[in-house]
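Protein chains in written order, with my numbering: chain A, 1 to 361; chain B, 362 to 722; chain C, 723 to 1083; chain D, 1084 to 1444.
Glycine included, C-beta positions come from ideal geometry on N, C-alpha and C.
Contents: one structure, followed by commentary.
4 protein chains.
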Amino acid sequence: MRIAINTGGGDAPGLNAAIRAATLSAISRGWEVYGLKNGYGSLFTDKPFIPLTADRVKGITMQGGTILGAANRGNPFEMPYQKADGSWAAEDRSDEVVRMLKKKKIKAVVAIGGDGSMYIANQLVKKGVHVVGVPKTIDNDIFGCDITLGFDTAVTTATEAIDKVTTTAEAHQRIMVVEVMGRYAGWIGLHAGLSASADIVLIPELPFSIDVIVDKVRQIEKSGKKHVIVVVAEGATEEGGKRFVRGKKIGQAELLGGVGEYLEKELAKRTGKESRSLVLGHLQRGGSPTTYDRLISLRFGAAAIRSLENGDFNKLVVMRDNRIQRVPISEVAGKIKTVPADSDTVLTALDVGISFGNGDA
Amino acid sequence: MRIAINTGGGDAPGLNAAIRAATLSAISRGWEVYGLKNGYGSLFTDKPFIPLTADRVKGITMQGGTILGAANRGNPFEMPYQKADGSWAAEDRSDEVVRMLKKKKIKAVVAIGGDGSMYIANQLVKKGVHVVGVPKTIDNDIFGCDITLGFDTAVTTATEAIDKVTTTAEAHQRIMVVEVMGRYAGWIGLHAGLSASADIVLIPELPFSIDVIVDKVRQIEKSGKKHVIVVVAEGATEEGGKRFVRGKKIGQAELLGGVGEYLEKELAKRTGKESRSLVLGHLQRGGSPTTYDRLISLRFGAAAIRSLENGDFNKLVVMRDNRIQRVPISEVAGKIKTVPADSDTVLTALDVGISFGNGDA
Amino acid sequence: MRIAINTGGGDAPGLNAAIRAATLSAISRGWEVYGLKNGYGSLFTDKPFIPLTADRVKGITMQGGTILGAANRGNPFEMPYQKADGSWAAEDRSDEVVRMLKKKKIKAVVAIGGDGSMYIANQLVKKGVHVVGVPKTIDNDIFGCDITLGFDTAVTTATEAIDKVTTTAEAHQRIMVVEVMGRYAGWIGLHAGLSASADIVLIPELPFSIDVIVDKVRQIEKSGKKHVIVVVAEGATEEGGKRFVRGKKIGQAELLGGVGEYLEKELAKRTGKESRSLVLGHLQRGGSPTTYDRLISLRFGAAAIRSLENGDFNKLVVMRDNRIQRVPISEVAGKIKTVPADSDTVLTALDVGISFGNGDA
Amino acid sequence: MRIAINTGGGDAPGLNAAIRAATLSAISRGWEVYGLKNGYGSLFTDKPFIPLTADRVKGITMQGGTILGAANRGNPFEMPYQKADGSWAAEDRSDEVVRMLKKKKIKAVVAIGGDGSMYIANQLVKKGVHVVGVPKTIDNDIFGCDITLGFDTAVTTATEAIDKVTTTAEAHQRIMVVEVMGRYAGWIGLHAGLSASADIVLIPELPFSIDVIVDKVRQIEKSGKKHVIVVVAEGATEEGGKRFVRGKKIGQAELLGGVGEYLEKELAKRTGKESRSLVLGHLQRGGSPTTYDRLISLRFGAAAIRSLENGDFNKLVVMRDNRIQRVPISEVAGKIKTVPADSDTVLTALDVGISFGNGDA
């Protein structure tokens, strides 16, 4: 049996651990393993396949990034190409992809990726490709999966960054706004904000009101605490959609960079307190995976091979109810898992005094 | 309403986070909170109670240890006392404990602890004390609970230690034996060994054979790898109980310190390879909790208060199936959760080539 | 004897360690110690003095920030005040400061700070106040001092951040621009860029040319490496001063945020490579000090007290030639220590292939 | 020109950074570089030389260990061999080593190592081999050199370990004894003990008295602090040499493992306090180098090549007075740099209340 491993979408810590476990698990069954270099687009290049051997995956569990390269041209259904006039367009080259996998005698693809990758995987499945998915995204927003690979490291990086700026904010008695990733779901913001003892956490699921935030700042000051830590997901939106739609500014806010910078300026103006903001950005995607991410990535990678061995195709291996399970890719493709407003983590945040800027406090 | 918080047993990272969340959650409900200083034994001292206020628990989420002090005299049913002749004995003073809690008008106790603490809690329940338990142990062996507070940090500390000695073992082409905690359950050894890419992992659940380990070492050398990493839980036992019973040596092994030192000597002798061993010991109990442990500790602490609020007494709040749930303390007291030999984590370890020293390979 | 400790300027990791060592050293000599809360401006408030005892400084060596608070109104010679019309102005209140220190019977001040603080200290000295300075700045640009407290931690934070984004840059084959602190001196950029294996390092001392950088990027690509790491100090300037004067943009560049964002946009345009930028900002000021910073801070703090004990006033204690020495504050006030172009660190950077974007390569 | 790089003695973090800088610096001058695999002993094997190219040293700055392998048979003057009867002996094969280096046209050797390596280097110099030394040892005890590569990381590892066990010691009100490396010099013990706020630091340079330590423990308890942290170098000796000579036990102490275990038992017995000990051992040799060690290693490696380029042979490149300098290997070989009792670091330790167990307090 010969299989291929593909990593799609943005970087996430744990990719290499998943690649290593899948490779070693397959080899231990006597299979051959190839990696698709830089995603499906590689199939239109000279050297699309990286032979994956025990030697090639030695020592990579703790390495950030991916030895396969991230997929800049990763969607076979919308493969970009440059037109004669220099402009760019996209075309469906999925049939070629299917043909080339067949020609190389690839029996199945382990597709490691997020919601975008699962959407693509589901379309490939319809064209007859055997796929097993591995859930990867620092945003933790893949439907049907309790936790994704990369999330714990991203939360840890964000928490450590908030810890760092907190001591400075306290010394200078400032408002410090830290913008974290999360366009559609607030998992990173909620978890990092809670574990770093933030005062205010703003996430896409719970639209915020500047008035409520200003009230909270005043209440904090009244209690004798002179610094305020605000953690905001890039996709947090203002109540009534007045200024932000999915983190994109409209109206006056257009002149500003992002929701973090907007809050810095607005809170300084309204509260009179010195304010600073920090955008963590790509810091959250990189670095050596935490122990938790190493483990979950290894377990996902090995589980994908067991699924293939069982002939159980077109499934996403997931962590659900603390067990590795399999769900049909078709069931999760195109959906997003957001933070439930009544989850115990949200309740815990409220109980320790965190405000979501939405009138809760 | 007035409640008390008690921390029992050995130190674990996350205790302070749990104390903080429980305290703030209770205060936000208008309750009063006291901490028992150094466990139930404090009740026989001058100042048994530490008033827990928002100020007192400020900034402690990330601190290791416990602001309440660990319980050196923590079992009211077997409270040690010194006899006239200077020797020590123990007596049941539980009735006094119950009386003093009543006198102080403590309506309920949040008991943060491991299996020992839950055993005690269960006995107190029978005497009419309202208790809600929070599962704490770096060993992760509390029955009925998928994960305990302190475990993720212990695994991370062990993983980082194994990472460190691995580069040296490789440079010197040595066998390196790392002894980790785990008297009855191999969770730390399994998780740390897997995430740090160990070659051999020995845990109490799977008795090992020296012959099998020696074979594995030879096989590794044949493959061209010159260093070998062995992770062994302190409670790992030799097949047939020849030399170890629960980590205690019998016969010849008596002359040696622990199972780690035994393996170092024995493997050096049998394989001719240079060997070293390292006992991580108390390193694993201390330090700032990981983000994962901060979160789970905060969630447990807040959940305990919600349980009290609901009048749902004599329960252990647990993480089960990725949700905070409650189980009767009586159902879990006196039981241990060990590593199932067919868990996907064990399968993953086997698939990436780890040997458990028991003929698996 | 009674002394006061003042911390001036921006936050830096190690401040608390210096405060602890100075406090304990003074107490062990039977002196009394007070901290000035939030700098000299505190003297115009109700409670300007924080009594510093052994208990108060317990366990703070590893804490970031400063228990005294940073000085937002720290310059007695230009103390800000609000005029009747609501606008702000500044006035010289140094005589009052001198009078109040005398009234409190403060015999000497330990002034922990950077070049600004030393400038102020030097003026106070002229008014008869006994001062001993401790060199603090993450920028490492205090004249006459080989290394300042806070620098090693800032370099470590920057290095770890560059490490993190490097794996992502490699996976995505991108140019990654990381903007670090350093308005007038490139110490952080040079040290972090070298230790994190950057390709291009831009510092204020060596004005850069975009053309040279673009050439270097092309040369890197030709060598087969697809990602490029650029580390730029916020104060780096473009050759001929065309677009940047001390990190401030002029002309077209005005529309952009900082030199990092400028480079991201310009390099993307000119090289056709995908580019991203990250501004580390306040991350570099905070967090727990490294072991190196803990030690140097403790040594500085204790050395300041020995200087006072010897009646050796108006000196800055410095690390010079690997020994704690003392230099007259008047000799260092108003000067900056920049990176010498022929230092062995610069030569090392060139030898390992780093370009300074100035035609060196 | 063709050169060889040799790494001698035990592992130390930073070796790979030094190898990388030396390799790239040499290549940039058009030289050829070979690494000696596992030390000089490699010359008697089939494949003694590892060609060192830019590709081979890519990304290794942050890796612990050494890509050349540590030298188990590293002394050409006492090369071990097995006699006919199976026993081991040693012979002088240095002439062969010299001959083989010549045959391979190696013009000079960069010898990265500690005092043992410098002793060997000095003997090779006498036989006409051109050598430039790079000072490497976690113990920081190379004569003539302010700081060696590997030391900062070892101190950091020890400090973090002491931090971890301190929270547990505090919770349990225990004496915690941490044994660190340092057979002849107490640099690691002094620096880690000071930066981790230990109470008692025992180093080889200052023989200790158990009576003095017991007095200090009682004094600490009287002050209200219930836990005591003791940091002891493995080579610390008891005053009068009663029980320890260079960490080796004599008399009763023979039954115990090391000085750490001896202190644990003795202090428990004499003070009645619960005690624990931890031997950090090989933890201190491994792991990713700190930023400080990365930098100093890179600078040393590049400086060695500049020395060769200048025809300045038989020198050790050192960090002295904050500058890279060169000293004749003959001047440093066979000597040890110990902690001066009047160094400002020792004075700082005394000032913050640390006892050296020798009647200082």
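- By the 16-neighbour rule on beta-carbons within 10 angstroms, R323 of chain A is exposed.
- The CB of V134 of chain A never comes closer than 7 angstroms to any CB in chain C; the least such distance is about 16 angstroms.
- V259 of chain A sits close to E234 of chain A, with the two beta carbons spaced by under 8 angstroms.
- Within its own chain, the residues whose Cβ lies closer than 8 angstroms to the Cβ of R579 of chain B, once the five positions on either side in sequence are excluded, are T632, listed in chain order.
- Shown here, Q424 of chain B sits in coil according to DSSP, grouped into three states, outside any helix or strand.
- For E170 of chain A, the chain C residues whose Cβ falls inside 7 angstroms of its Cβ are G787, in order along the chain.
- Secondary structure in the stretch 1115-1190 of chain D: the beta strand (DSSP E) runs of 3 residues or longer, each lying completely within the stretch, are 1115-1119, 1132-1134, 1162-1165 and 1171-1174 in chain order.
- Rounded to whole angstroms, G796 of chain C and A811 of chain C show a C-alpha spacing of 15 angstroms.
- The count of Cβ pairs closer than 8 angstroms, one atom from the stretch 53-71 of chain A and one from the stretch 96-103 of chain A, stays below three, leaving the stretches out of contact.
- For the pair I1221 of chain D and I1088 of chain D, the CB atoms are not nearer than the 8 angstroms cut-off.
- Among the residues of the stretch 1155-1172 of chain D, those with a Cβ less than 9 angstroms away from any Cβ of chain B are N1155, in the order of the chain.
- Minimum Cα-Cα distance from G585 of chain B among the listed residues B:V592, B:M537, B:G554 and B:E531 corresponds to B:E531.
- Of all residues in the stretch 317-336 of chain A, those with a C-beta nearer than 9 angstroms to a C-beta of chain B are M319, R320, D321, N322, R323 and I324, reading in chain order.
- Sixteen is the threshold: since fewer than 16 other Cβ atoms of the shown chains lie within 10 Å of the Cβ of S87 of chain A, the residue is exposed.
- Setting aside the 5 residues that flank it on each side, D453 of chain B is surrounded in the same chain by F438, each with a C-beta closer than 6 angstroms to its C-beta; the list follows chain order.
- Cβ neighbours of G477 of chain B within its own chain (closer than 6 angstroms, five residues either side excluded): G370.
- Across the set A:L283, A:V230, A:T290 and A:V155, the C-alpha of A:V230 shows the shortest separation from the C-alpha of E261 of chain A.
- F313 of chain A sits in coil when the DSSP states are folded into three classes, being neither helix nor strand.
- If you look at S999 of chain C, you'll find it in the beta strand (DSSP E) that goes S997 to V1001.
- Not a single CB atom of chain D sits nearer than 8 angstroms to the CB of A734 of chain C.
- Per DSSP, A530 of chain B is one residue of the alpha helix (DSSP H) stretching across F512 to H533.
- If one requires a minimum length of 4 residues, the alpha helix (DSSP H) runs lying completely within the stretch 907-965 of chain C are 909-917 and 932-944, in chain order.
- By the Cβ rule, the stretch 541-558 of chain B does not count as touching the stretch 663-677 of chain B, because fewer than three pairs are nearer than 8 angstroms.
- Chain-order list of chain C residues neighbouring R1377 of chain D: S917, by C-beta distance under 7 angstroms.
- Within the stretch 872-890 of chain C, the residues whose Cβ lies closer than 7 angstroms to any Cβ of chain D are, in chain order, D874, V877, T878, T881 and D885.
- Taking a contact as a CB-CB distance under 8 angstroms, the pair Q424 of chain B and N377 of chain B counts as one, their CB atoms being some 5 angstroms apart.
- Remark: C-beta atoms of I864 of chain C and G836 of chain C approach each other more closely than 8 angstroms.
- Contact annotation: the stretch 325-334 of chain A does not touch the stretch 154-170 of chain A, with fewer than three C-beta pairs closer than 8 angstroms.
- Within chain D, the residues whose beta carbon sits less than 8 angstroms from that of R637 of chain B are G1364 and H1365, listed in sequence order.
- It is roughly 21 angstroms from the alpha-carbon of F1127 of chain D to the alpha-carbon of Y1202 of chain D.
- Listed by position along chain A, the residues whose Cβ is nearer than 9 angstroms to that of R742 of chain C form an empty set, because the closest Cβ is around 15 angstroms away.
- According to the DSSP secondary-structure assignment, K1210 of chain D is paired through a beta bridge with no residue.
- DSSP, reduced to helix, strand and coil, places R1353 of chain D within a helical segment of the structure shown.
- In chain order, E901, G980 and G982 place their CB closer than 7 angstroms to the CB of V1001 of chain C, counting only its own chain and leaving out the 5 sequence neighbours on each side.
- Under the Cβ distance rule, R992 of chain C does not count among the residues neighbouring chain A, no pair being separated by less than 8 angstroms.
- Proximity of chain C to Q173 of chain A at the Cβ level (cut-off 9 angstroms) is accounted for by N760, G791, A792 and N794, in chain order.
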